[in-house]
Every structure is written in C-alpha cells, then in structure tokens.
Amino acid sequence: MDDRHLFTAITAGDRDAFRALVEREQAPVFRACYRILGRVAEAEDVAQESFVIAYRAIGTWRGDGSLGAWLGRIATRQALRRLGQRRETVPLESVGGAYDVSAGPDPLGAAIAAERGLAVRNAVTALKEPYREIVALRFFAELSLNEIADATGRPLGTVKTHLHRGLARLRDALAREAVA
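According to the numbering used here, the sequence shown is numbered sequentially starting from 1.
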C-alpha cells in the first residue's frame, strides 16, 4: 500500500494499516535510533516511542514527503533528545559486552571505536539547529537530501547549505576535542 492510502486508512482508524506502516518502517527507524544512541535496548525504546508519537500525530503529515522520511525525522529527534539527556559515557555493550575474542579487533580497538562513535554523536547533539537536525537526518536516518527537504519543508538548496555548514561545525568541534 502506498503512503497516501496508508495515511487515509490510518486516519480513518484502521489499525491494520498502521501495523503495516510499522512493519515496513521498523528496521529503518531502529537503525536511525541505534546510529545515534549506540545501544540496542535504548534504540528499541526510542523507536517504539517514535511510532507512538507518529500514531498520535499522524494528522500532521503533510503528504509532501514519504511517511518513512516523516517517521525518520520523528525518530531522529527523539534519539537526539534522549542522547542529550544521558551522561557522557561509553556504553559497555559497545566496548565489550557482546565482544567475541575470536571474531574481530582487539578490545582496545573496540574501545577506541566506541569512544570515537560517542564523540561524534555528542558533537552532533551539540550542534545548533537547524544543523543538528539536517546532519542527523542525513547520516543517522540515512535520508537523501530530497527526503530531508520534504521532511523538513525546507528548499533543497537550504538543506544543502545547512548540511555543508553543519559538517564544517562538526569537523571543527571534533578537531577541538582531539586537541583537548
């Protein structure tokens, strides 16, 4: 079922239509949350919260972009909000909780990679709007520039400019952190 038909059915109260939307978009929404949060359980919680928010706010979808992009934007904002609420720590599960000694890099390499991932996520969270939203939608939710423009209601040129400036600010922040 295409987005327009799903939207019409969901707004008419068809729970099966919303279930179909969840099944279709569950994996990309989870991936967007996980890329931001880095923790499976937390990403699952935020993904579920995002679907609840989407269900309650389905009437706000303007129809000028895909439902998937709209859901990705909700999930990204929720994940960034959650990331901003937590303390700056390296999650144990990404350092060694599920680490298989025979299957990959050494524990030190895994710890360094986890720290770098956390540093990037924290630097993205510290960006000011609209840069934070655009960078997160592009790299965490993996939306195309056109999908970001549709989801945010901004012109494509503005999205490109915000992405370019946001990435420049992100590079500067990460470079400052590396020096510190």
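Virtual Cβ for every residue (Gly too), placed ideally from N, Cα, C.
Please read all numbers here as calculations on a predicted model, not as lab measurements.
A238: first and last residue of the uninterrupted alpha helix (DSSP H) it sits in = Past the edges of the chain, shown from 1 to 180, lies residue 238, and the structure says nothing about it.
message = I need the DSSP call for G63, collapsed to helix, strand or coil.
response = One-based indexing of the sequence shown puts residue 63 at position 63. Residue state, collapsed to three classes: coil.
key: Rounded distance between the beta-carbons of V46 and L37, thought under 8 angstroms   = The residue you call residue 37 lines up with position 37 of the sequence shown. The residue you call residue 46 lines up with position 46 of the sequence shown. Their Cβ separation, rounded to whole angstroms, is 7 angstroms, which keeps L37 and V46 in contact under 8 angstroms.
task = In the DSSP assignment, find the alpha helix (DSSP H) that holds A111 and state where it starts and stops.
result = Position 111 of the sequence shown, counted from the start, is the residue given in the question as residue 111. First-last of the alpha helix (DSSP H) with A111: P107 to A126.
message = Taking the alpha-carbon of A12 as reference, which of E42, Y55 and R35 has the nearest alpha-carbon?
response = For the purposes of this step, residue 12 is taken as residue 12 along the sequence shown, with counting starting at 1. Looking at the Cα atoms, Y55 is the closest of the given residues.
ask   = Can you tell which of R24, H5, A79 and A20 has its C-alpha closest to the C-alpha of L137?
value = As a first step, residue 137 is located in the sequence shown; it is residue number 137 there, counting from the start. Cα-wise, what sits closest to L137 is A79.
query = From which residue to which residue does the alpha helix (DSSP H) around F51 run?
reply = Locating residue 51 in the sequence shown gives position 51, where the first residue counts as 1. Its alpha helix (DSSP H) spans residues V40 to R56.
ask   = When DSSP labels each residue in this structure, what does R154 get in the three-state scheme?
value = Sequence index remark: in the sequence shown, residue 154 carries index 154 (1-based). It is coil, neither helix nor strand.
task = Give the single residue among K160, R39, L145 and R116 whose Cα lies nearest to the Cα of A178.
result = For the purposes of this step, residue 178 is identified with residue 178 of the sequence shown, where counting begins at 1. Looking at the Cα atoms, R116 is the closest of the given residues.
query = Which residues in the same chain have their Cβ closer than 6 angstroms to the Cβ of G65, if we skip the five residues on either side of it in sequence?
reply = Residue numbering aside, residue 65 sits at position 65 when the sequence shown is read from its first letter. Correct list, in chain order: D150 and A151.
query = In chain order, what residues of the same chain have a beta carbon less than 6 angstroms from the beta carbon of I53, not counting five sequence neighbours either side?
reply = Your numbering for residue 53 matches position 53 in the sequence shown. So the list reads I74, once near-sequence residues are dropped.
request  = Would you kindly work out how many angstroms separate the C-alpha atoms of L83 and V120, rounded to a whole number?
outcome  = Locating residue 83 in the sequence shown gives position 83, where the first residue counts as 1. Locating residue 120 in the sequence shown gives position 120, where the first residue counts as 1. L83 and V120 have their C-alpha atoms some 12 angstroms from each other.
task = Pull up the distance between the alpha-carbon of R15 and that of A9, whole angstroms please.
result = In the sequence shown, counting from the first residue as 1, residue 15 sits at position 15. In the sequence shown, counting from the first residue as 1, residue 9 sits at position 9. Distance between the alpha carbons of R15 and A9 is about 8 angstroms.
message = Classify L21: buried if its beta carbon has 16 or more other beta carbons within 10 angstroms, exposed otherwise.
response = Numbered from its first residue, the sequence shown carries residue 21 at position 21. When all chains shown are included, L21 counts as buried.
key: Assigned exposure category for A69 - 16 Cβ within 10 Å defines buried   = Sequence index remark: in the sequence shown, residue 69 carries index 69 (1-based). Under this definition A69 is a buried residue.
task = Please check the pair L145 and V159, which I expect to be a contact at CB under 8 angstroms, by giving their CB distance rounded to whole angstroms.
result = The residue given as residue 145 occupies position 145 in the sequence shown. The residue given as residue 159 occupies position 159 in the sequence shown. Yes, L145 and V159 are in contact; Cβ-Cβ is about 5 angstroms, under 8 angstroms.
key: Nearest-angstrom Cα separation, counted from Q26 out to E129   = Locating residue 129 in the sequence shown gives position 129, counting from the first residue. Locating residue 26 in the sequence shown gives position 26, counting from the first residue. Straight-line spacing of the CA atoms in E129 and Q26 works out to 26 angstroms.
query = Does the beta-carbon distance from G59 to L143 come in below 9 angstroms?
reply = By 1-based counting over the sequence shown, the position of residue 59 is 59. By 1-based counting over the sequence shown, the position of residue 143 is 143. No, the Cβ-Cβ distance between G59 and L143 is not below 9 angstroms.
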